[in-house]
Structures are given as structure tokens and as C-alpha cells.
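Peer 1: So that we are looking at the same thing, I have put the structure below in C-alpha cells.
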Amino acid sequence: MQNAEMKSPETKRQTVQPAPAWRWLGERGLRVATGEATLACYTMLSAQSFAELEDVIPSDDSLLLVLRRGATVSSRLRAALAAPLSGTPAASGKLHEIVVEYGGSVGPDLSRLAGQAGMDVASYIHTHAAVEYTVAFLGFQPGFPYLRGLPPALHAPRRASPRLRVAAGSVAIGGVYAGIYPAGGPGGWQIIGRTIAVLFDPQRPAPALLMPGDRVRFVPK
Amino acid sequence: MIEVLRAGRCDLVMDLGRPGWGAFGVPAGGAADPSALVAANRMVGNDDAAAGLEILLAGPSLRFPLGGVVALAGARFRATRSKGKAPAWNETLLLAAGEILNLEQAETGCRCWLAMRGGLAVPRVLGSRSTLLPAGFGGYQGRALRPGDTLACATPVGEMHLLRAHPPAPPRDAPLRVVAGPQASQFDDVGLTAFFCGRYRVGAASDRRGLRLTGPAVTHVRAELPSQGVLPGTVQVPPDGQPIILGWDGPVTGGYPAIATVIAADWPRLAQLRPGDAVRFATVEVEAARTWTAAPWVIEALA
Chain A
0 MQNAEMKSPE
10 TKRQTVQPAP
20 AWRWLGERGL
30 RVATGEATLA
40 CYTMLSAQSF
50 AELEDVIPSD
60 DSLLLVLRRG
70 ATVSSRLRAA
80 LAAPLSGTPA
90 ASGKLHEIVV
100 EYGGSVGPDL
110 SRLAGQAGMD
120 VASYIHTHAA
130 VEYTVAFLGF
140 QPGFPYLRGL
150 PPALHAPRRA
160 SPRLRVAAGS
170 VAIGGVYAGI
180 YPAGGPGGWQ
190 IIGRTIAVLF
200 DPQRPAPALL
210 MPGDRVRFVP
220 K
Chain B
0 MIEVLRAGRC
10 DLVMDLGRPG
20 WGAFGVPAGG
30 AADPSALVAA
40 NRMVGNDDAA
50 AGLEILLAGP
60 SLRFPLGGVV
70 ALAGARFRAT
80 RSKGKAPAWN
90 ETLLLAAGEI
100 LNLEQAETGC
110 RCWLAMRGGL
120 AVPRVLGSRS
130 TLLPAGFGGY
140 QGRALRPGDT
150 LACATPVGEM
160 HLLRAHPPAP
170 PRDAPLRVVA
180 GPQASQFDDV
190 GLTAFFCGRY
200 RVGAASDRRG
210 LRLTGPAVTH
220 VRAELPSQGV
230 LPGTVQVPPD
240 GQPIILGWDG
250 PVTGGYPAIA
260 TVIAADWPRL
270 AQLRPGDAVR
280 FATVEVEAAR
290 TWTAAPWVIE
300 ALA
């Protein structure tokens with residue numbers, strides 16, 4: 000069963016994808032290649048509550064299903080994974096407005112990134128704040144959102160050497176993603192501004208401000 | 000109650016962790032060797048999931064103003080008691096009021112666990128009393144213990160007996176067992192041979208987020224991928240080719256290719272690796288790995 004895969008013929012239809020391929024990560028993790036349907040599949044698996052699953056972790060284009068110790072994949076879960084995936088649901092998550100102070104000491108990489116993008120700082124900020132982002136998944140730190148929708152002109156690689164200390168609330172760019180650091184700590188993304196929004200508070204009933212599927216707009220302060 | 004007279008290198012309150020918050024970016028965390036914490040809890044009549052202290056390499060000096068019932072399990076540390084002879088490992092210890100337990104350097108291994116009857120009564124955060132140090136929550140105020148801290152214990156329930164635990168014999172110099180993949184195809188033949196046949200050392204910058212290895216470079220075909228979910232034990236290889244075994248408090252997603260994952264049955268051995276230790280890997284099949292659990296502790300009455 001190692002590296003088990005279930006592949007179906009490629010299909011070009013956008014609304015229905017073939018059953019996803021899956022591979023083992025250790026003996027407790029099943030990495031399922033869910034592609035565009037990652038959030039829809041996450042919602043489906045969460046709603047059905049499979050007893051053998053300890054956790055379901057969405058990421059870029061896959062889900063990691065974590066089996067409880069000693070558990071095996073039930074036939075019900077096998078069937079759910081073998082079914083064709085329905086396409087991405089319409090973006091229906093909550094819309095959040097995140098107020099950002101751009102540049103200066105709180106956005107030390109802004110002017111350099113603007114220069115590299117061939118823009119002045121004002122139009123860089125305008126471009127960053129003009130679009131709506133979608134939370135693809137949370138990772139790296141508790142509550143750290145990976146935001147899809149960054150305009151291609153603003154894509155920028157991570158810093159060659161990470162900063163030892165990035166402030167909580169730092170608004171950042173890493174490759175094709177926009178992100179926000181919930182807590183202080185080391186970090187390699189480019190920092191363009193800061194928000195006072197509290198991204199993660201374990202004492203709140205909903206500890207993460209932004210959840211996969213939610214939408215985000217940045218509002219210049 | 001426990002008063003911290005002198006803090007160790009990194010004393011953390013731990014229970015069995017908080018699985019189920021991965022979608023929030025929160026790792027499951029918890030005791031690095033759950034079987035050792037469970038054994039310590041059983042020796043003091045606690046529930047398996049009660050919170051204890053995870054102690055790293057150089058231990059703390061602890062005063063028990065009201066006395067108490069404690070047990071130590073895991074790596075052996077040089078240790079003294081203010082009354083009586085040196086504390087035994089793996090048995091129920093009865094401490095008199097005002098006694099001081101002084102833990103110094105680890106003699107072998109890296110971590111030990113101290114359970115106290117009743118369990119450490121820190122607040123639960125996201126369902127667990129474990130410290131998540133990188134995020135600064137859980138455990139005792141989200142941090143390692145400091146001198147002057149005072150830890151309360153819950154009121155004990157249930158019976159207590161004087162017990163002795165026999166830990167499983169650690170395999171000597173055996174390779175860590177891994178399930179290969181899922182991204183082994185991201186590495187070239189030289190890289191794969193280096194990893195599966197090579198010998199690595201645990202680097203100094205290792206902690207509960209990850210064990211950084213140094214040794215033969217694991218060369219890539221492609222070094223950066225979209226972020227994917229990872230587990231403790233997953234071995235990621237960044238562009239420099241030096242593998243990182245993700246730890247209990249590591250990130251839940253990672254963007255470097257995963258060459259293999261250490262099986263859960265070998266976590267107790269990961270917990271005891273210290274900087275400079277040698278590491279080798281051996282692949283096992285998923286179905287075989289599923290049937291192995293961490294070797295059991297045997298617990299019996301103290302004669």
C-alpha cells in the first residue's frame with residue numbers, strides 16, 4: 000500500500016476533477032492531491048467527521064489527512080476519496096478589511112520592492128490594496144494566512160536570509176502569496192507594512208481571525 | 000505545589016498535546032515521548048493525560064513546600080534530593096514537605112519527564128496544557144519555567160500505589176525507521192543514496208521545532224514546491240541539502256520536498272537525540288509501520 004495512488008484519466012472540465020491521487024506521509028499521514036478543490040474537499044471531510052481522522056490540514060493544493068494512532072482508512076473514507084471532486088465553491092467566506100500602515104520602519108522592504116516592480120511607492124500600495132485576496136490555508140505559525148490573489152507585478156521571492164525577528168502584525172509578501180505574521184519571530188518574507196489586527200488569540204472562541212475560504216482586503220491607514 | 004529555585008535549560012509543561020487544530024496552523028505538540036510521560040503519570044496515580052514537566056539536557060532545582068508524590072522517567076540526569084539519597088528514576092518517589100529536588104546534567108539522552116500526583120494545574124489552551132513555545136501559549140504562561148515560578152497541582156483523584164516502571168530497552172545504534180516519500184522523486188540518485196545510506200549528525204540548532212542534521216548533501220532535482228501538510232518526523236530537505244527532521248512543535252505545512260517520515264514508534268528515540276549524536280535511516284513499509292507501536296513500558300508494584 001506504500002505510495003498508493005488512485006489515478007483517473009485526465010479531464011479538462013473545470014467543474015469536476017478526477018478522484019485525487021494520494022500518497023502516504025509516514026504511516027499516519029495521507030497526502031491527497033486535491034488541487035483547485037482543496038477547500039471544497041476540506042469542507043466535505045470536516046462535515047462528515049471520520050472517526051479514524053485526528054486532523055485534516057489544508058495546504059496549497061493538497062490535504063493532509065492525519066490518522067489516529069493505530070487507525071486504518073475506513074471503507075467510507077476510501078469511498079469519499081475515490082469520488083470525483085466537485086469544483087471550487089464560489090468564494091463565500093467572510094470578508095475582512097485589514098487596515099495597514101505601509102512602509103517606513105514597519106515596512107522596511109516596501110521601497111525596494113516597489114523599485115524592483117518598476118513602480119513608485121504610492122502605486123505599489125495602491126496595487127496591493129486594490130484587489131481582494133482569498134485565504135488558501137493557514138500554516139507556518141498559528142493563524143498565519145497564505146493569501147491568494149497577489150497581483151503578478153508584486154510577486155517577489157523570499158529574502159535570501161531570513162530576519163531573526165519579524166514583528167507581530169507584519170504584512171508580508173512571499174513568492175505568489177501575501178501573508179500576515181500573527182506573532183513575532185524569525186521570518187523570511189518581504190515586509191511591506193503592519194496591521195494592529197490580532198490574527199491569532201487562543202483565548203477567543205474562534206482563535207484565528209482569518210480562516211481558509213475567507214476573503215481579505217487591505218486598507219491603507 | 001512546586002517552586003522553581005533554579006530553572007533548567009528549557010523546562011516546559013507538557014501533556015499529550017492538542018491534535019485537531021492543524022487547519023488553524025497549530026501543531027499537535029505535546030510530550031516528545033508520550034510513552035514516558037504516561038509512565039510517569041501512572042507511577043503517581045494520575046490519568047495518562049495529566050500535565051507534567053518536560054526537562055531538557057540541564058534540569059531545574061525544584062522545591063516542594065507541601066511535599067508530594069512524584070516520578071521521573073526518560074533520560075537519566077545527575078540529581079540529588081535535599082533529604083535522603085539521590086532520587087531513583089522510574090519509581091514512585093515520596094517527597095517530604097520542604098524537600099528540594101535538584102536535577103543537573105543529563106547523563107544519557109536529552110529529555111526526562113517529571114509527573115506530580117494530581118498533575119500540573121495550568122489552564123488548558125485549545126484543549127491542552129502543553130506549552131507551544133514558538134507561539135507563546137499553553138503551559139506555564141506560554142514559556143519555559145523561570146526562577147520564582149510557582150506551579151500548582153490539581154487535587155488528586157483515585158488510588159495511588161508505590162510503583163516501578165521498566166522502560167523498553169533502547170535499540171543501540173539502530174537506524175531510525177522511516178517511510179520513504181512522498182516526494183522522493185524531487186531528489187536525484189546521488190541525493191537519495193546520500194540520505195538512505197549516509198550518516199548524519201544532530202546539529203546544535205535543534206529544538207522542538209526541528210532536528211537539524213549535518214552530513215552528506217541530499218541533492219535535489221527541484222528544491223521548492225507548493226506548501227504541503229507535514230507531520231512531526233517528516234524529513235524536509237531545504238536547498239542546502241542538509242535534512243531537517245520536523246519536531247513536535249514544527250510548522251503544519253512546509254514548502255521543501257519531504258524525502259521520508261520517521262514512524263511514530265521511533266519518536267521516543269527522536270526525543271532523546273542530542274546535538275552531536277549520529278543518525279542513520281532505514282526504510283520500512285507503511286503496513287508494517289502501522290502494526291508497530293512504541294515499545295511498551297512495564298509497570299509493577301514496588302516490592
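Chains as they are written, first to last, in numbering that gives the first Met the number 0: chain A, 0 to 220; chain B, 0 to 302. Ideal Cβ placement from N, Cα and C applies to all residues, glycine included. These numbers were taken from a predicted model, which means no experiment stands behind them.
(1) Just by C-beta distance, which residues in the region 178-193 of chain B are closer than 8 Å to chain A?
(2) From residue 218/A to residue 178/A, what distance separates their C-alpha atoms?
(3) Thinking C-beta only, is residue 43/B closer than 8 Å to residue 68/B?
(4) Which residues share a DSSP beta bridge with residue 115/B?
(5) Please tell me whether residue 102/B and residue 76/B are closer than 8 Å, where the distance is taken between their beta carbons.
(6) For residue 314/B, which residues in chain A fall below 8 Å Cβ to Cβ?
(7) Nearest to residue 143/B by alpha carbon, out of 8/B, 298/B and 282/B?
(8) Relative to the C-alpha of residue 159/B, which residue among 245/B, 117/B, 200/B and 220/B is closest?
(9) For the region 130-143 of chain A, which residues have a CB atom closer than 8 Å to at least one CB atom of chain B, in sequence order?
(10) Hey, out of 263/B, 130/B and 153/B, whose CA is closest to residue 207/B's CA?
(11) Can the beta-carbon of residue 14/B be found closer than 8 Å to that of residue 128/B?
(12) Taking only the alpha-carbon atoms, compute the straight-line gap between residue 93/B and residue 180/A and give it to the nearest angstrom.
(13) List the residues of chain A that residue 15/B touches, going by C-beta distances under 9 Å, in chain order.
(14) What residues in the region 58-79 of chain A have a beta carbon less than 8 Å from any beta carbon of chain B?
(15) Based on the DSSP output, what are the partners of residue 21/A in its beta bridges?
(16) Taking a cut of 7 Å between CB atoms, which residues from the region 174-192 of chain A lie near chain B?
(17) So is residue 45/A buried or exposed if we call it buried at 16+ other beta carbons inside 10 Å?
(18) Using the beta-carbon of each residue, which ones in chain B are nearer than 9 Å to residue 145/A?
(19) Since residue 151/B contacts residue 0/B with CB under 8 Å, what's their CB separation in whole angstroms?
(20) Which residues of chain A have a Cβ atom closer than 8 Å to the Cβ of residue 146/B, listed in chain order?
(21) Starting from residue 199/A, follow its DSSP beta bridges and name the residues at the other end.
(22) Is the beta carbon of residue 22/B sitting closer than 8 Å to the one on residue 56/A?
(23) Just tell me which of 70/B, 176/B and 295/B has its CA closest to the CA of residue 115/B.
(24) Along the region 129-161 of chain B, what residues have a CB closer than 8 Å to any CB found in chain A?
(25) 8 Å is my cut-off, CB to CB: does residue 292/B come that close to chain A?
(26) From what residue to what residue does the beta strand (DSSP E) around residue 233/B run?
(27) Give every residue of the same chain whose Cβ lies closer than 7 Å to the Cβ of residue 107/B, excluding the five residues on either side of it in the sequence, and list them in chain order.
(28) Near residue 59/B, what residues of its chain come up, given a Cβ to Cβ distance below 7 Å and the 5 sequence neighbours on each side ignored?
(29) Hey, is the region 188-206 of chain B in contact with the region 269-289 of chain B, meaning 3+ C-beta pairs nearer than 8 Å?
(30) Report yes if the C-beta of residue 75/A is less than 7 Å from at least one heavy atom of the ligand GDP; otherwise report no.
(31) If we cut at 8 Å on Cβ distances, does residue 19/B have a partner in chain A?
(32) Go ahead and label residue 26/A buried or exposed: buried means 16 or more other beta carbons lie within 10 angstroms of its beta carbon, across all protein chains shown.
(33) Does the beta carbon of residue 100/A come closer than 8 Å to any beta carbon on chain B?
(34) When you compare only the Cα positions, how much space is there between residue 296/B and residue 168/B?
(35) Return the CA-CA distance between residue 247/B and residue 202/A, expressed in angstroms with no decimal places.
(36) Just tell me which of 56/B, 91/B, 134/B and 110/B has its CA closest to the CA of residue 198/A.
Peer 2: Quick answer:
(1) 178, 179, 180 and 181
(2) One alpha carbon belongs to residue 218/A, the other to residue 178/A, and they sit about 14 Å apart.
(3) Yes. Within cutoff.
(4) In the DSSP assignment, the residues bridged to residue 115/B are 69/B.
(5) The answer is yes: Cβ separation under 8 Å.
(6) Any question about residue 314/B goes unanswered here, given that chain B covers just 0 to 302.
(7) 8/B
(8) 117/B
(9) 136, 137, 138, 139, 140, 141, 142 and 143
(10) 130/B
(11) A contact, by the Cβ cut-off of 8 Å.
(12) 47 Å
(13) None at all; the shortest Cβ gap to chain A is about 11 Å.
(14) 58, 59, 60, 61, 62, 63, 65, 68, 69 and 71
(15) 31/A
(16) 182 and 184
(17) exposed
(18) Contact annotation for residue 145/A against chain B: 226 and 252 [CB-CB distance below 9 Å, chain order].
(19) 6 Å
(20) Those within 8 Å of residue 146/B in chain A number zero; the least Cβ separation is about 24 Å.
(21) 207/A
(22) It is a contact, given that the beta carbons lie within the stated cut-off.
(23) Looking at the Cα atoms, 70/B is the closest of the given residues.
(24) Answer set for the region 129-161 of chain B: 131, 133, 134, 135, 136 and 137.
(25) yes
(26) 233-235
(27) 74 and 75
(28) 3, 5, 6, 7, 10, 102 and 144
(29) yes
(30) The ligand GDP is not among the ligands present in this structure, which contains no ligands whatsoever.
(31) yes
(32) buried
(33) no
(34) 9 Å
(35) 22 Å
(36) Measuring from the Cα of residue 198/A, the nearest candidate turns out to be 134/B.
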